[in-house]
Structures are given as C-alpha cells and as structure tokens.
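Numbering (our numbering), first residue to last: 26 to 202.
Yeah, the Cβ is synthetic: ideal placement off N, Cα and C, and Gly gets one too.
Predicted, not measured: the structure shown is a model, and the values here were computed from it.
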C-alpha cells in the first residue's frame, strides 16, 4: 500500500487537492493507494504523551500502523515559514522506528509560492534519509500553487503531466510495475 500524506491540517488545503490528484494517478496505474489527511486526525490527543507508544489513542495507533506497514509514502508538503508544517513534524515524531522509516520508499511533492516548496522537501529528505528511508529522486515542485488551482481542481497541464510521470516512475521504482 502507498499512503499519500497531505502534509498540513489547514482547512482548504492545496496539499489535499494535489494529494487527491495523485490518488487518481495511482488508481490509473492500478496501484493501491490511500490518502492520510492530517486535518482528519486528532493529533491533539498526543499532546503531553511524551512519545509513550503505550498511551497513544487507538484511532491514531491504526494510522501509525498503516505507516509502519506501508510499502511506500508519497508526501505532499506545503512550505510554512521556510520549512514543512509543524503538524507534519509532530505527526512524524510519533511514528514507530525503525518500522516506519528503515527501507521505506518515499516520494515528495512540494507546494509553495516563489520557491515552490523546495525548502520543506529538502528538510523532509534530511529527516527520511537520516532514518534510512529510500528516497525517490524525482520530486515535483508547484510554484505559486494557488494560481494552478481553479474550483478545487489542479489545472496546470505541465504540473499534471509531471505528477502523472512521477507516479508512474515511482510505481516502477518500488517494483509495482
């Protein structure tokens, strides 16, 4: 299973729109994929648990088990203040190590303004590389992302083509094709 992570909990997220487009491309490639949308997780329940795995609420344990058992992750990450969102860091910090990282295939899409989400993707690549994940080198960056979306739909043909190719090549990379 490939989990597409929409890397923010912001309402009206452009990341979720891109994640949904990726899901369509995975479906076209007959690949099992599912979106994990951070805004639908009750991550506030983790506050104060001091990373104690035993006291994680059951609904979140299910999500963390999905991450640990996933063949691959496809992270869609917006740029917040020159890096990735704190909620994504908080989410990642509760993942079980080494199961959730070691040898896990990971692909990235960055979203942003002028710098197209390059910085948060670079920061995430450092985290996943440090934890021995296998990073897919073909990243996609969306600059001025709000100009590429009309009526909750990604409309930029060039970016759609890049995302479709990224999905196809990632499926080959993780030996699904």
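Here DSSP, grouped into helix, strand and coil, assigns residue 62 to strand. For residue 148, the three-state secondary structure derived from DSSP is helix.
9 Å or more divides the Cβ of residue 57 from the Cβ of residue 85.
Of all alpha-carbon atoms in 161, 172 and 41, the one lying nearest the alpha-carbon of residue 65 is that of 41. Where residue 87 is concerned, the enclosing alpha helix (DSSP H) starts and stops at 83-94. The three-state secondary structure of residue 57, taken from DSSP, is coil. DSSP places residue 126 outside any beta strand (DSSP E), giving it a letter other than H or E. Note that the stretch 167-179 does not touch the stretch 116-131; fewer than 3 beta-carbon pairs, one per stretch, sit closer than 8 Å.
DSSP places residue 199 outside both helix and strand once states are collapsed to three, so it counts as coil. The straight-line gap separating the alpha-carbon atoms of residue 173 and residue 141 is approximately 12 Å.
A check of alpha carbon separations from residue 119 across 44, 80 and 184 identifies 80 as the nearest. Here residue 73 is exposed: its Cβ has fewer than 16 other Cβ atoms, across all protein chains shown, within 10 Å. The distance from the Cβ of residue 32 to that of residue 155 is about 18 Å, inconsistent with a contact at the 8 Å cut-off. For residue 166, the enclosing beta strand (DSSP E) covers residues 165-168. Rounded to whole angstroms, the separation of the alpha carbons of residue 92 and residue 123 is 11 Å.
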